[in-house]
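K.L.:
Below is a structure I'd like to ask you about.
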Amino acid sequence: DPYANDPKRHSILKPASIKPFNAESPEQLLVENFITPNEIFYVRNHLPVPDIDASTYELEIEIEGKAKTLCLSLEDLKQFPKYTITATVMCAGNRRSEMTKVKPVKGLNWGAAAVGNATWSGASLREVLEKAGLTDVDLDKYKHIQFEAYDTDATGTAYGASIPIWKAVDRRGDVILAYEMNGVPLPRDHGYPVRVIVPGVVGARNVKWLGKIIVSSEESKSHWQQSDYKGFSPSTDWDTVDYSKSPSIQELPVISAICQPVPNTTVKVENGHIKVKGYAWSGGGQDIVRVDVTCDGGKTWHVARFDHHDPQTHPQHWSWTLWSCELPVAQGDKELEIWAKAVDSSYNTQPESFENIWNLRGVLNNAYHRIKVKVE
Ligand code: MTE
Ligand code: MO
């Protein structure tokens with residue numbers, strides 16, 4: 134069993150699959166903390182968790198066409214200035230279970246908690262690339278930074294992904310080679326001893342158990358870069374899909390979710406109101422400027438209060454915003470449907486429904502969040 138050596142997990146996590154291990158936190162817990170505790174941070178593994186000895190760990194950095202590569206131990210990496218950023222990491226399939234209701238899609242049946250917000254500490258990718266000999270002249274020649282990981286499938290193929298070079302070398306890109314999560318060494322499930330944190334960018338590019346960095350003129354050839362994590366038209370099916378025709382997902386679109394109350398539970402009305410809590414986030418460092426909530430099908434929209442607004446400056450809003458709202462309930466209401474939508478600093482907002490954003494792989498699930506509850 135290639136998974137026999139996987140780490141132990143907290144029993145509070147809600148598994149979506151066991152081998153490989155995938156799990157999300159209970160939604161209602163997620164919004165209790167601006168910083169998600171490591172134990173309840175969602176886990177998305179495609180492969181068995183590699184068993185890496187930090188004392189012999191090596192990270193190789195190659196610039197295509199240059200003979201010499203740079204090899205760094207964990208200790209070497211810790212000699213670089215240490216940066217700490219707070220960033221939300223979200224799976225492209227977060228909230229997939231809602232899209233599936235329109236028409237089945239292929240993928241893990243994620244609820245709204247395949248997301249978390251943590252502080253990440255480590256070396257700056259930009260500074261490590263400089264050390265490896267990347268110069269300003271090279272920036273016209275190379276277009277992508279590829280990441281190869283230490284987790285492999287049965288054929289020995291490693292997980293991999295890439296990001297555009299501008300994100301890696303931009304001073305405001307904040308891409309970190311992280312060895313700490315919330316002030317402690319990365320837990321094994323989250324990439325021990327080193328992972329890439331690409332803030333504002335889809336989870337899939339935040340490569341865990343990092344083994345190699347390649348500065349290249351091309352994107353990663355990995356399955357997960359080329360033949361997965363892409364969006365398509367609602368009319369594209371598995372017979373007609375051509376993965377070469379869509380760009381790889383990088384920055385994620387604006388999204389929000391209601392985490393309290395939990396769907397299909399009974400909610401207490403207090404002074405004619407019910408309390409609703411959730412998160413909102415947008416990729417690419419966009420801020421959240423507003424969250425609108427309704428429980429009368431959009432006749433009346435209530436602007437949510439920000440309980441914890443991402444404190445960073447534009448364009449580095451890497452963290453989610455936690456919000457809440459007291460919704461007035463009409464006397465005699467037995468059942469309510471609550472909707473939420475967020476607006477980001479480009480005034481982009483969420484699509485109304487899943488029908489017209491449906492895609493065969495169930496990614497980019499950012500339609501209005503709609504939940505039903507009973508009231509008493
Ligand atoms: N990196 C490696 N090496 N292997 C993986 O399976 N999964 C990716 C990404 N990095 C993955 C990986 C995906 S799809 C997501 S959503 C995030 O890691 C999840 O990060 P987390 O498990 O720390 O929450
Ligand atoms: Mo993911």
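To convert a position in the sequence shown, counted from 1, into full-length UniProt numbering, add 133.
Every residue gets a Cβ at the ideal spot worked out from N, C-alpha and C, and that includes glycine.
1. What does the alpha-carbon distance come out to for the pair S366 and I382?
2. Taking a contact to mean a Cβ-Cβ separation below 8 Å, would you say V436 touches D425 in this structure?
3. Indicate the three-state DSSP secondary structure (helix, strand or coil) for N339 in the structure shown.
4. Can you have a look at P140 and say buried or exposed, based on whether 16 or more other CB atoms are within 10 angstroms of its CB?
5. Do W453 and H502 come within 8 Å of each other at the CB atom, strictly closer than that value?
6. According to DSSP, is Q419 part of a helix, a strand, or is it coil?
7. Taking 7 Å as the cut-off, does the CB of A294 come closer than this to any heavy atom belonging to the ligand MO?
8. Quick check: what's the CA-CA separation for G418 versus G430?
9. Report the residue ranges of all beta strand (DSSP E) runs contained in full by the stretch 225 to 288; include only those spanning at least 3 residues, in chain order.
10. Can you name, in chain order, every residue of its own chain whose Cβ lies under 6 Å from the Cβ of W434, other than the five neighbours on each side?
11. Considering only the alpha carbon of each residue, which of Y283, V340, Y312 lies closest to Q212?
12. Please confirm whether any heavy atom of the ligand MTE lies closer than 7 Å to the CB of R177.
13. Who pairs with I196 in a beta bridge, going by DSSP?
14. Return the chain-ordered list of same chain residues with a C-beta closer than 6 Å to the C-beta of P135, the five sequence neighbours on each side being excluded.
15. Spatial neighbours of S457 within its chain, please: C-beta separation below 7 Å, excluding the five flanking residues on both sides.
16. What residues are listed by DSSP as bridge partners for Q393?
17. Could you tell me the alpha carbon to alpha carbon distance between E384 and W451, rounded to whole angstroms?
18. Any contact between the stretch 368 to 376 and the stretch 289 to 305? By contact I mean 3 or more CB pairs, one from each, below 8 Å.
19. Examine the Cβ distances between the stretch 325 to 341 and the stretch 250 to 259 and report whether three or more of them are shorter than 8 Å.
20. Quick one: does G289 have its CB under 8 Å from some CB of chain D?
21. Thinking E485 and T399 are a contact (beta carbons under 8 Å), I'd like their distance in whole angstroms, please.
22. Assuming G364 contacts N492 (C-beta within less than 8 Å), just tell me the rounded distance between them.
23. Please state whether DSSP places V302 in a helix, a strand or coil.
24. So, helix, strand or coil for K363, using DSSP?
25. Measuring alpha carbon to alpha carbon, tell me which of I504, A200, G198 ends up nearest N397.
26. Quick one: what does DSSP say S452 is sitting in, helix, strand or coil?
P.N.:
Inspection of the coordinates gives the following:
1. 14 Å
2. yes
3. coil
4. exposed
5. no
6. coil
7. no
8. 31 Å
9. 248 to 257, 277 to 285
10. Answer for W434: D425, T427, listed in chain order.
11. Y312
12. It does: the Cβ of R177 is within 7 Å (strictly closer) of some heavy atom of the ligand MTE.
13. V348
14. P181
15. K408, V409, K410, A437, R438, D440
16. K410
17. 11 Å
18. Contact check between the stretch 368 to 376 and the stretch 289 to 305: fewer than three CB pairs, one atom from each, fall below 8 Å, which does not count as touching.
19. yes
20. In summary, chain D is missing from the structure at hand, where a single protein chain is found.
21. About 27 Å; that fails the 8 Å criterion.
22. 5 Å
23. helix
24. strand
25. Out of I504, A200, G198, the CA that lies nearest to the CA of N397 is found in I504.
26. coil
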